[in-house]
Structure formats: structure tokens, C-alpha cells
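1 is the number of the first residue of the sequence shown in UniProt numbering; add one for each residue after it. From the three backbone atoms N, C-alpha and C, an ideal C-beta is built for every residue, glycine too. Given the structure is predicted, the values throughout are model-derived calculations rather than measurements.
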Amino acid sequence: MNANEHKGHTKSDTVYHFIKEQIMTGVYKPDERIIIRDIARQLGVSDIPVREAIKRLTADGLLETKSHSGARVAPINTDTLEEVFLIRTELETLSTRLAAKAATPEEIDSLELLVDQMDASIAKQDLTAYSLSNRNFHQQLYRASHAQVLIDMIENLFLRSENSKMVFHYDPDRLRQSNEEHRSIVEALRERDEEKAARVIRSQKETGFKVVLNALRISQMLQGGNTKH
């Protein structure tokens, strides 16, 4: 990647997106220090846009900055994460309900295409491709609500919690079940069935978030830490 990859973006934007992606995909782990000089060298930019990007990521809650130790990837606090997941479940259920009324046929077609892509990724056992399509599916689903304030709230909470899913391996059977749920949501949108769409997404979020929290707590116990930072 280089500083020109995100055309139309400033150098600070490019660095921001790069660091965020590294966190979201688990390349940069919780508590890992962010070395400004290393990132600047890797992307071919000066230290200034890296510092600007770090400020934005700190505001997003993805990084923590301390005067004596610099920036680090924000640690995962399971108590806070549980609260975020509770709020996300409510907001994402509402957004899906609204999407069942507001989504255009083109938006529904796009969601169905992503479901097909996830099926192909499962068959190939390509978790990276599945995760990307899954993230795109949910972002497009919520945007199909056409409720911009709600969309902004969900995306902010998404940023604050999604990197937590990188601490464990997905069960292939759960991936298949999850994608069947995605397909059911698409069908509900086509049928304009708000209740069905809301019911499926709520069940999926509650199940998925419970798995993440349990995996995090087990991981922290095995590492000899506690669940609070």
C-alpha cells in the first residue's frame, strides 16, 4: 500500500484507513504499540499525517494515547464491550426493520450478491474473504435503512467493537448457519416483512455477541489476566 492508494484522500486519510484496517483484521493486537516512524516509512509519508491519523483513531476509540508511552491499540474491556454489544443489538435490529421498508430493489440485489459471495468463501475456506463480505453485508444492510443518524451511531459502535472478533477462530458450521440467516434477511427485505427481518437479525446478533464475549473471557483467563483494564 502507498499513500496514493485512496485516491481523493489526504495522506492523513490514507494512514487512517491503513491503521484502522490493520486493527480490524487483527494484524495490530490490543495493547500493541503504534510506532509512528515505522508506519510513516511503510506508507512513504512523513510523521505528520501519521500523528493526525492517530488522533482520529483515538477519538474513534480504536487507539489510546498516553504522553509517556505514545499510542497503543485500545485494550479490550469485556464489561464495556458487553454494553456496546447490547446497544448494537437494539440499534441494528431497528435499522434492519427500517431497511425492510426503505431498501431499494438495487440495494436488496447487492445484499443477495454478498450472500452468494459468502457462500463461495465458505466453500473455499477463505475466512478473510468471508469476513470482508460479512462486514460489507451488514454495513449495506444498515445503510439501506436510509436513517443517517442511526447509521452513524451503528458505524461508530462497530468501530469500537469489531476488532474483538479477531481473538478466536470461526466455526465453519456457524458460518454456514450465519449465512443462511443473511439469506433469510434478504428474503424478508424482498417481502417487506419487518418482523421477520428484525427477528432474524436480533437472534444472529445475540448469538454472535455471546460467542465473542465467551471466547474473550476464556482467552483472558488462559493468559492469566482479568476481564477488566
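Check your understanding: Mind checking His138: buried by the 16 CB within 10 Å criterion, or exposed?
Key -> Residue burial is scored here from C-beta neighbours: His138 has at least 16 other C-beta atoms within 10 angstroms and is therefore classed as buried.
Point to revise | Opening and closing residue of the beta strand (DSSP E) in which Leu63 lies | key: 63-66 is the span of the beta strand (DSSP E), which, as asked, contains Leu63.
Practice item. Starting from the Cα of Thr89, find the closest Cα among Gly208, Tyr16, Gln220 and give me that residue. Key: Looking at the Cα atoms, Gly208 is the closest of the given residues.
Review point. Assuming Arg217 contacts Thr78 under a Cβ cut-off of 8 angstroms, what Cβ separation, rounded to an integer in Å, is found between them?
Key: Your pair Arg217 and Thr78 checks out as a contact, with CB atoms roughly 6 angstroms apart and the cut at 8 angstroms.
Point to revise | Option nearest Glu194 by Cα separation, candidates Thr96, Lys20, His9, Gln22 | key: Nearest Cα to Glu194 within the set Thr96, Lys20, His9, Gln22: Thr96.
Practice item. Please go through the same chain and pick out, in chain order, the residues whose beta-carbon is closer than 8 angstroms to the beta-carbon of Arg56, but skip the five residues on each side of it. Key: Contacts found: Ser12, Tyr16.
**Study point:** Whole-angstrom distance between Lys196 and residue 235, CA atom to CA atom
**Key:** Nothing can be reported for residue 235, as the shown portion of the chain is limited to 1 through 229.
Review point. Can you tell me the Cα-Cα spacing of Ala103 and Gln220, whole angstroms?
Key: Pairing Ala103 with Gln220, the inter-Cα distance amounts to about 41 angstroms.
Review point. From what residue to what residue does the beta strand (DSSP E) around Arg72 run?
Key: Residues 70-73.
Review point. Excluding sequence positions up to five away, which residues of its chain have a Cβ less than 6 angstroms from the Cβ of Leu98?
Key: Here the set comprises Ser145, Ala147.
Point to revise | Residues bridged to Arg33 [DSSP beta-bridge criterion] | key: As computed with DSSP, Arg33 is found in a beta bridge with Arg72.
Exercise for review: Leaving aside the five residues before and after Lys205 along the sequence, list all residues of the same chain whose C-beta is less than 8 angstroms from its C-beta, in chain order.
Suggested key: If the five residues before and after Lys205 are omitted, its C-beta is found closer than 8 angstroms to the C-beta atoms of Phe85, Arg88, Thr89, Glu92, Thr93, all from its own chain and listed in chain order.
Practice item. Evaluate Asn134 with the Cβ neighbour count: other Cβ atoms within 10 Å of its Cβ, from every protein chain shown; 16 or more gives buried, anything less gives exposed. Key: With 16 or more Cβ atoms within 10 Å of its Cβ, Asn134 is classed as buried.
Point to revise | Selected residue, minimal CA-CA separation from Asp126, among Arg192, Leu141, Asp171, Ile19 | key: That would be Asp171, whose Cα lies nearest to the Cα of Asp126.
Practice item. Can you grab the Cα-Cα spacing for the pair Phe18 / Ala215, in whole Å? Key: Cα-Cα distance, rounded: 27 angstroms.
Check your understanding: Between the beta-carbon of Val186 and the beta-carbon of Leu111, is there less than 9 angstroms?
Key -> A distance below 9 angstroms separates the beta carbons of Val186 and Leu111.
Practice item. Report the three-state DSSP secondary structure of Asp126 (helix, strand or coil). Key: Taken through DSSP and simplified to helix, strand or coil, Asp126 comes out as coil.
Practice item. Could you work out which residue in Arg202, Pro30, Thr65 is closest to Ile36 when comparing CA atoms only? Key: Nearest of Arg202, Pro30, Thr65 to Ile36, Cα basis: Thr65.
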